[in-house]
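Number of protein chains: 2
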Amino acid sequence: MSDPQAIAKQFTTFYYGALDTNPSELGPVYRPTSMLSREGNLHQGVTAILAELGPTDPSQKVKHHVSTVDAQPSSTSVPNIIVSVTGLLLIGDSSNPLNFSQVFHLISEGGSYYVLNDIFRLNLG
Amino acid sequence: MSDPQAIAKQFTTFYYGALDTNPSELGPVYRPTSMLSREGNLHQGVTAILAELGPTDPSQKVKHHVSTVDAQPSSTSVPNIIVSVTGLLLIGDSSNPLNFSQVFHLISEGGSYYVLNDIFRLNLG
Chain B
1 MSDPQAIAKQ FTTFYYGALD TNPSELGPVY RPTSMLSREG NLHQGVTAIL
51 AELGPTDPSQ KVKHHVSTVD AQPSSTSVPN IIVSVTGLLL IGDSSNPLNF
101 SQVFHLISEG GSYYVLNDIF RLNLG
Chain S
1001 MSDPQAIAKQ FTTFYYGALD TNPSELGPVY RPTSMLSREG NLHQGVTAIL
1051 AELGPTDPSQ KVKHHVSTVD AQPSSTSVPN IIVSVTGLLL IGDSSNPLNF
1101 SQVFHLISEG GSYYVLNDIF RLNLG
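Residue numbers (my numbering), protein chains in the order written: chain B, 1 to 125; chain S, 1001 to 1125.
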């Protein structure tokens, strides 16, 4: 499969499913060089990123609802992909979802992909 | 200057300033390989991208207010940069700004940068 949009859809379905249920499953998508920015705070490497992503406090249960997924090849020579996501974040029993935007840079490696760049922001206006 | 965050700030200040006043000034930041996705519609190359960006109808005057800018190096070998922006779009005299998110992939070239990837979405929730 080499269609960036199809790969992006498949990736985001897996990513947010794991993030909302068992974030430790996301370990294999990161590498020591991977970076995660959340609300402007930078975390680098698998251990630091997984510590930031979870486990979640069950009383603060978070669910990500994906609204849009856009993908473009990020290189003219290798099949890397930039993925831009917008969506809604539902926290606990709150009925006021928050807009979020997230960017992933997927790097091709042996027929699969890992996340080199991950930037998350609430879009509070 | 090699700090990604500083380059991203400088770039976005120029970009949105030009976009809101004279979009044709943005020609030099794109190349024939550049891609712009706006609300899911893909435009490739300088001519197609500039046609999409402007000129704007003066009665529909648009202003971009940047809320956050995050940057990360997008490669471990060359000084390319991914920039993620969130902000507010003000259209005409409307007092209801819209959340937007935009991603740029800046490619290093001869001491400067061009935009290979540009993905824009209104974040409507």
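Where is the CB? At the ideal position from N, CA and C, for every residue including glycine.
- What VAL1029 (chain S) touches in chain B, judged by beta-carbon distance under 9 Å, is nothing: the nearest beta carbon there is about 16 Å away.
- Minimum Cα-Cα distance from GLN1005 (chain S) among the listed residues S:ILE1082, S:GLY1092, S:SER1108 and S:GLN1060 corresponds to S:ILE1082.
- Residue range 1046-1053 is occupied by the alpha helix (DSSP H) that includes VAL1046 (chain S).
- Close partners of VAL1103 (chain S) in chain B (Cβ separation under 7 Å): ILE82, SER84 and VAL103.
- The secondary-structure analysis by DSSP pairs GLN102 (chain B) across a beta bridge with B:VAL85 and B:PHE120.
- Looking from the CA of LEU26 (chain B), the closest CA among B:THR13, B:ALA8 and B:LEU50 belongs to B:LEU50.
- Chain order gives the chain B residues near GLY1040 (chain S) as THR68 and ASP70, where near means a beta carbon separation below 8 Å.
- Assignment of LYS1009 (chain S) by DSSP, reduced to helix, strand and coil, places it in the helix class.
- A Cβ-Cβ separation of about 17 Å leaves TYR1113 (chain S) out of contact with ILE1119 (chain S) under the 8 Å criterion.
- Taking a contact to require three or more Cβ pairs closer than 8 Å, the region 38-49 of chain B and the region 1075-1094 of chain S do not qualify as touching.
- Secondary structure of VAL29 (chain B) (DSSP, three-state): helix.
- Rounded to whole angstroms, the gap between the alpha carbons of SER1024 (chain S) and PHE1011 (chain S) is 16 Å.
- For ASN123 (chain B), at least one C-beta of chain S is nearer than 8 Å to its own C-beta.
- At least one beta carbon of chain S lies nearer than 8 Å to the beta carbon of ILE119 (chain B).
- Neighbours of THR1076 (chain S) in chain B, taken as residues whose beta carbon is under 8 Å from its own, are THR33 and LEU116 in chain order.
- Selection B:SER37, B:GLY54, B:ARG31 and B:LYS9 evaluated against GLU109 (chain B) yields B:ARG31 as nearest (Cα-Cα).
- ILE1007 (chain S) counts as buried, since no fewer than 16 other beta carbons sit within 10 angstroms of its beta carbon.
- The continuous beta strand (DSSP E) containing ASP70 (chain B) extends over residues 62-73.
- At a cut-off of 8 Å between C-beta atoms, ASN96 (chain B) does not count as an interface residue with respect to chain S.
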